[in-house]
Structures are given as structure tokens and as C-alpha cells.
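Just so we're aligned, residue 63 is where the sequence shown starts under this note's numbering, counting upward by one.
Quick reminder that beta carbons are idealized off the backbone N, C-alpha and C, glycines included.
Just so it is clear, the structure is predicted and the values come from calculations on it, not from any experiment.
Remarks on the structure that follows.
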Amino acid sequence: MRGAVAVLVGLLAVCLASQAMPLCSYRSPLTDLSDLVMSFSYQYANDPYGSKDRDENAGQFIVDYKRLYDTAEYGFDIGLANQFEISLLDVSSYSTIADGNYKQYLASEGDAFAFAGASARSSSSFASLGVSVNLGLGVGRFTDVTPLATATRIDETLVRRGTLTDHLRSADLEILAYEIGSKETYKSTADLLSVVQEIIESSGYVRPGGVDALDLSKITDLLTDASFSRYCGWDGKLGVGYEILDPSGGTNDLLVTAAFNYAFTTAPNAQLLLNGSISGPPAIFTTNRIDLDAEVDYLVSEFLNMEATYAFSRETWASIPTDVHRIVLNIVLTPLDTADVTLAVSLEHRPYYLEWSVDIRLGLSIQLL
Numbered sequence: 063m064r065g066a067v068a069v070l071v072g073l074l075a076v077c078l079a080s081q082a083m084p085l086c087s088y089r090s091p092l093t094d095l096s097d098l099v100m101s102f103s104y105q106y107a108n109d110p111y112g113s114k115d116r117d118e119n120a121g122q123f124i125v126d127y128k129r130l131y132d133t134a135e136y137g138f139d140i141g142l143a144n145q146f147e148i149s150l151l152d153v154s155s156y157s158t159i160a161d162g163n164y165k166q167y168l169a170s171e172g173d174a175f176a177f178a179g180a181s182a183r184s185s186s187s188f189a190s191l192g193v194s195v196n197l198g199l200g201v202g203r204f205t206d207v208t209p210l211a212t213a214t215r216i217d218e219t220l221v222r223r224g225t226l227t228d229h230l231r232s233a234d235l236e237i238l239a240y241e242i243g244s245k246e247t248y249k250s251t252a253d254l255l256s257v258v259q260e261i262i263e264s265s266g267y268v269r270p271g272g273v274d275a276l277d278l279s280k281i282t283d284l285l286t287d288a289s290f291s292r293y294c295g296w297d298g299k300l301g302v303g304y305e306i307l308d309p310s311g312g313t314n315d316l317l318v319t320a321a322f323n324y325a326f327t328t329a330p331n332a333q334l335l336l337n338g339s340i341s342g343p344p345a346i347f348t349t350n351r352i353d354l355d356a357e358v359d360y361l362v363s364e365f366l367n368m369e370a371t372y373a374f375s376r377e378t379w380a381s382i383p384t385d386v387h388r389i390v391l392n393i394v395l396t397p398l399d400t401a402d403v404t405l406a407v408s409l410e411h412r413p414y415y416l417e418w419s420v421d422i423r424l425g426l427s428i429q430l431l
């Protein structure tokens, strides 16, 4: 467990220490980001000596979806986290959390906003489904810096290939970012590629012979990489709510809610995400729900990507907390365009566990045809 925490802290340090053009200075008129992660595992093993205590018949299914949309006047966010622990020989459990918020900025281009939202929670440890609504005030804003991050990736790729004799000037990168951010206005990727090529070749840093076909292929791959996104910003919210359904089966209560989100990147290959929330009745110190998440995504090279996450949740009933810790480290190696090698290490600790559970998986996928 200490090793996994050390890796997470190390990746965080690398992310914050990266020296590059300040991506977070970029301002996008529209932020529309989404992320969906699904994983499934199943294990069956029959003890050949007939001992049912040594049989294995269990599985896990996880879904994590996030959506963030933001304009100058309004925005919304959606989150869904679902985890099933299935066992035919032991106790099965599940946990589902769904949240959604709409915010209206008090002034166009301003940071202060009013919000209204709803939350639904279900768990095998709950007496019933929990549903609540809330409203309040907040401050902060997010911005999509993917266009400038993509422009920087193109610049770094061409310098590495020797196509550019020096890095593009900041003004050229900003022009590239503007065109990339406006790609929806182009009829095709080829039209956008033509404009990008023209901007690069007019920089004065292109080698004799100009941008070749392989360069254009690399640029196209970066322009069409739907899995790549980077964003910056923060927000904090404070509000009140009401329980439509109490998960403990008790009376419906007024709620106090608070939440924060933070995103930061200094270079295209690194992204830091933090978020947390707390909710509970006015006696929030005796009954509450706390969620904290941290994620670092670091692209070491074109062939190696590392991602570390830490999730903490606490449910407190009558001053008795139940804590869940989960640490995940994913290392993805892509030696070829048609092959992936994935190492996934997961550690989890739940109430009444005598020690941390450890799950290590090594996967290889190859596309043959």
C-alpha cells in the first residue's frame, strides 16, 4: 500500500513540476468534456480437493462517468459512479451514486453562480434509496485547454522529428489553438489540416522541403484523438438541500452541502484532478457523507501512459464512521499501433477488512487483422 501511495505522490510531483507553456492561461468560450470508464472482472476456481471454502466465484463491475459543460452564461455537470462486488460464495455488495447540477452565472464571463441540483444514492448498506435536491451559491469556473494542449503536442512532435528547427512562437501556438478549437466549423478534418499546415509552414521554422506526408499523418492523429482532453479551473459550492428519500429509512431532513472541484495542467502530458463533497443534516458532525477523489494522468511518452487515482468515502451514522479507501495504478504500454500491454494494480480497504485487498492484473491485446 505504501508503494502505491508513493507512486501517486510521485506522479503528482511530476505533474506539478513540469515546465512548459502555461496551458491554464488559455480561455475557451466553450468547455464540453466527458469521461467514461468501465471495467469488469470475474474469477472462478474450483478446489480439486472438494473444499468449498477454497472455491472462488466472484466478480466486479465498475462504471465511472463524468460530464462537464460550461459556457459564459451557464453550465452543468453530471456524475455517475457505480460499483458491484458479486460473489456466489460470500457477501455481495453494490454502491451507486448519481449527481447532477445546473449553474447559472450571475454575470456573463463572471465566476459567481447560483446552482440547483439533485443527488441519488443507493448501497447494499442502505435501508432504502436516498434522493435529495439542493440549491445554493458558488464561485469558480472551468475552461477546456485541449486546443492549446493539442497545438503544443503538434509542436513537440514536429520538433522531435526534425521538421521544425525550433519551437513555434507563442503567437503561432495561439493561432493554432484557435483553429483547432473551431474545428466544428470546418467541413472536414482535411480542411482543418490544410489550415494547420499553412500556419506551421509560415512560422519560418520549417526545414527545407516543408511538412512531409508522415508529418501530416502524425498531425491528423493528434487532431482526431478523441481520448485526449485537458482542462483547468476550480469551483466551490455551498448550499442547502432536502431529503426526498432518506437512505437510513428515517425521517426526511434538511441538508447542508458543500463541494469543490479542481483541475490543473502545466503540459499536455499531465493532468491533475481533485474533487470532494460533504453533505448531511444540520447535525453534520454526527451524520454525513464525505467523498474525496484525486487523479493524476501522466503521458510519459507516445508509448507509455501512467494513471494513478485515490478515492475515499465516509458514511457516518450516529457518530460512527465507515471508511472506504481505494488506490488504483494503471500503466499502459503501446509498443505498436496494434498492441497494448496493461498493468493494473488496485488496493482497497473497507470497514472490517483485516488488511488491504490487492488485485494485480497484466493484460496484452494485439490486433492481428
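Thinking just about the alpha-carbon of each residue, which of Glu417, Glu410, Leu405 is nearest to the one in Arg423?
The residue you call residue 423 lines up with position 361 of the sequence shown. Selection Glu417, Glu410, Leu405 evaluated against Arg423 yields Leu405 as nearest (Cα-Cα).
CB contact flag (Thr93, Phe204, <7 Å)
Numbered from its first residue, the sequence shown carries residue 93 at position 31. Numbered from its first residue, the sequence shown carries residue 204 at position 142. Yes. Within cutoff.
Roughly how far, in whole angstroms, is the beta-carbon of Gly338 from the beta-carbon of Leu354, given that I think they are within contact range, below 8 Å?
Position 276 of the sequence shown, counted from the first residue, corresponds to residue 338. Position 292 of the sequence shown, counted from the first residue, corresponds to residue 354. Gly338 to Leu354, Cβ: 4 Å. Contact.
Distance between Ser244 and Asp385 (C-alpha atoms, nearest Å):
Numbered from 1 along the sequence shown, position 323 holds the residue referred to as residue 385. Numbered from 1 along the sequence shown, position 182 holds the residue referred to as residue 244. So the alpha carbons of these two residues sit roughly 45 Å apart.
Counting along the chain, where does the alpha helix (DSSP H) carrying Thr208 start and finish?
The sequence position of residue 208 within the sequence shown is 146, counting from 1. Per DSSP, Thr208 belongs to the alpha helix (DSSP H) from 208-223.
What are the start and end residues of the alpha helix (DSSP H) that includes Thr251?
Your numbering for residue 251 matches position 189 in the sequence shown. Per DSSP, the unbroken alpha helix (DSSP H) holding Thr251 starts and ends at 251-263.
Considering only their Cβ atoms, is the gap separating Lys299 from Gly200 smaller than 7 Å?
Locating residue 200 in the sequence shown gives position 138, where the first residue counts as 1. Locating residue 299 in the sequence shown gives position 237, where the first residue counts as 1. Yes, the Cβ-Cβ distance between Gly200 and Lys299 is below 7 Å.
Distance between beta carbons of Arg223 and Asp277, contact taken as under 8 Å
In the sequence shown, counting from the first residue as 1, residue 277 sits at position 215. In the sequence shown, counting from the first residue as 1, residue 223 sits at position 161. 7 Å between Cβ atoms; contact.
Could you name each continuous beta strand (DSSP E) segment of 3 residues or more that falls completely within the segment 118-149, going from the start of the chain to the end?
Taken in chain order, the complete beta strand (DSSP E) segments of 3 or more residues contained in the segment 118-149 are 118-132, 136-149.
For chain B, is any of its Cβ atoms less than 7 Å away from the one on Ser96?
Absent from the structure is chain B; it holds one protein chain and no more.
Measure the C-alpha to C-alpha separation of Ala79 and Asp161 and round it to an integer number of angstroms.
Residue numbering aside, residue 79 sits at position 17 when the sequence shown is read from its first letter. Residue numbering aside, residue 161 sits at position 99 when the sequence shown is read from its first letter. In this prediction, Ala79 scores a pLDDT of 44, lower than 50, which makes its location untrustworthy; no coordinate-derived value is stated.
Throw me the rounded Cβ distance for the Glu147 and Tyr136 pair, which I believe falls under 8 Å.
By 1-based counting over the sequence shown, the position of residue 147 is 85. By 1-based counting over the sequence shown, the position of residue 136 is 74. Wrong, their Cβ atoms sit about 38 Å apart, outside the cutoff.
Where the alpha helix (DSSP H) containing Asp283 begins and where it ends
The count along the sequence shown starts at 1 and reaches residue 283 at position 221. Looking at the DSSP string, the run of the alpha helix (DSSP H) that includes Asp283 is 275-285.
Starting from the Cα of Leu307, find the closest Cα among Ser103, Ser194, Asp173 and give me that residue.
As a working mapping, residue 307 is identified with position 245 in the sequence shown. The shortest Cα separation from Leu307 among Ser103, Ser194, Asp173 belongs to Ser194.
Rounded to the nearest angstrom, what separates Asp126 and Leu220 at their Cα positions?
On the sequence shown, residue 126 is found 64 positions in, with the first residue counted as 1. On the sequence shown, residue 220 is found 158 positions in, with the first residue counted as 1. Taking the straight line joining both Cα atoms gives about 35 Å.
To the nearest angstrom, how far is it from the Cα of Leu191 to the Cα of Ala329?
Sequence index remark: in the sequence shown, residue 191 carries index 129 (1-based). Sequence index remark: in the sequence shown, residue 329 carries index 267 (1-based). Counting only the Cα atoms, Ala329 lies some 42 Å from Leu191.
Tell me which residue opens and which closes the beta strand (DSSP E) that Ser339 is part of.
Counting from one through the sequence shown, the residue named residue 339 turns up at place 277. Note, Ser339: beta strand (DSSP E), 332-342.
Pull the bridge partners of Gly311 from the DSSP assignment, please.
Translated into the one-based positions of the sequence shown, residue 311 becomes position 249. Bridge partners of Gly311: none, in fact.
Of all the options Asp139, Ala288, Trp296, which has the alpha carbon lying nearest to the alpha carbon of Cys86?
Residue numbering aside, residue 86 sits at position 24 when the sequence shown is read from its first letter. When only C-alpha atoms are compared, the closest one is Trp296.
DSSP three-state assignment for Ala239, whether helix, strand or coil
Walking along the sequence shown from the start, residue 239 turns up at place 177. If DSSP states are grouped into helix, strand and coil, Ala239 belongs with the helices.
Quick one: measure Cβ to Cβ for Arg183 and Pro309, integer angstroms, because I've assumed they're closer than 8 Å.
For this step, residue 183 is matched to residue 121 along the sequence shown. For this step, residue 309 is matched to residue 247 along the sequence shown. Their Cβ separation, rounded to whole angstroms, is 6 Å, which keeps Arg183 and Pro309 in contact under 8 Å.
For Met368 versus Ile393, is the C-beta spacing smaller than 7 Å?
Here the question's residue 368 lines up with position 306 in the sequence shown. Here the question's residue 393 lines up with position 331 in the sequence shown. Yes. Within cutoff.
Quick one: Cα of Thr313 to Cα of Ile382, how far?
For the purposes of this step, residue 313 is identified with residue 251 of the sequence shown, where counting begins at 1. For the purposes of this step, residue 382 is identified with residue 320 of the sequence shown, where counting begins at 1. As the crow flies, the alpha-carbon of Thr313 is around 19 Å from that of Ile382.
Would you list the residues sitting across from Asp234 in a DSSP beta bridge?
In the sequence shown, counting from the first residue as 1, residue 234 sits at position 172. Answer is none; Asp234 lacks a bridge partner.
Go ahead and label Ile428 buried or exposed: buried means 16 or more other beta carbons lie within 10 angstroms of its beta carbon, across all protein chains shown.
Numbered from 1 along the sequence shown, position 366 holds the residue referred to as residue 428. Residue environment: Ile428 is assigned as exposed (fewer than 16 neighbouring CB atoms within 10 Å of its CB, all protein chains considered).
Check Glu417 in the structure and name its three-state DSSP category.
Working through the sequence shown from its first residue, we reach residue 417 at position 355. Looking at Glu417 - three-state DSSP - the assignment turns out to be coil, as it is neither helix nor strand.
With respect to the beta strand (DSSP E) encompassing His411, which residues constitute its N-terminal and C-terminal limits?
For the purposes of this step, residue 411 is taken as the residue at position 349 of the sequence shown. Segment 401-411, the beta strand (DSSP E) holding His411.
Determine the direct distance from the alpha carbon of Phe290 to that of Val71, and round the result to whole angstroms.
Here residue 71 refers to the residue found at position 9 of the sequence shown. Here residue 290 refers to the residue found at position 228 of the sequence shown. Caution applies to Val71, whose pLDDT of 49 falls short of 50 and renders its modelled position unreliable; the value that the coordinates give is listed next. Taking the CA atoms as reference points, Val71 sits about 23 Å from Phe290.
Just to confirm, is the Cβ distance from Ala213 to Leu254 under 7 Å?
Reading the sequence shown from its first residue, position 151 is the one you call residue 213. Reading the sequence shown from its first residue, position 192 is the one you call residue 254. If you check the CB distance, Ala213 and Leu254 do not come in under 7 Å.
Counted within 10 angstroms of its Cβ, other Cβ atoms place Glu171 as buried (16 or more) or exposed:
Taking the sequence shown and counting its residues from 1, one reaches residue 171 at position 109. Under this definition Glu171 is an exposed residue.
Near Arg269, which residues of its chain fall below 8 Å by C-beta distance, leaving aside the five closest residues on each side in sequence?
Sequence index remark: in the sequence shown, residue 269 carries index 207 (1-based). Annotation for Arg269: Gly224, Thr225, Leu226, Thr227 place their beta carbon closer than 8 Å to its own, counting only its chain and skipping 5 residues before and after.
Any idea if Tyr293 is buried or exposed, counting beta-carbon neighbours within 10 angstroms, 16 or more meaning buried?
Taking the sequence shown and counting its residues from 1, the one referred to as residue 293 is at position 231. Around the beta carbon of Tyr293, 16 or more other beta carbons lie within 10 angstroms, which makes this residue buried.
Between the alpha carbons of Leu74 and Ala370, how many angstroms are there, rounded?
As a working note, residue 74 is residue 12 in the sequence shown. As a working note, residue 370 is residue 308 in the sequence shown. Per-residue confidence for Leu74 stands at a pLDDT of 49, beneath the threshold of 50, marking its modelled position as unreliable; no derived number is given.
With a threshold of 16 other CB atoms inside 10 Å of the CB of Ala211, please say whether the residue is buried or exposed.
Here residue 211 refers to the residue found at position 149 of the sequence shown. Label assigned to Ala211: buried.
For Ile281 and Ile216, which I take to be in contact (beta-carbon distance under 8 Å), what is that distance rounded to the nearest angstrom?
Indexing the sequence shown from 1 puts residue 281 at position 219. Indexing the sequence shown from 1 puts residue 216 at position 154. Ile281 to Ile216, Cβ: 6 Å. Contact.
How should Leu168 be labelled, buried or exposed, when 16 other C-beta atoms within 10 angstroms of its C-beta is the threshold for buried?
Within the sequence shown, numbered from 1, the residue matching residue 168 stands at position 106. It is exposed - the Cβ of Leu168 has fewer than 16 other Cβ atoms within 10 Å.
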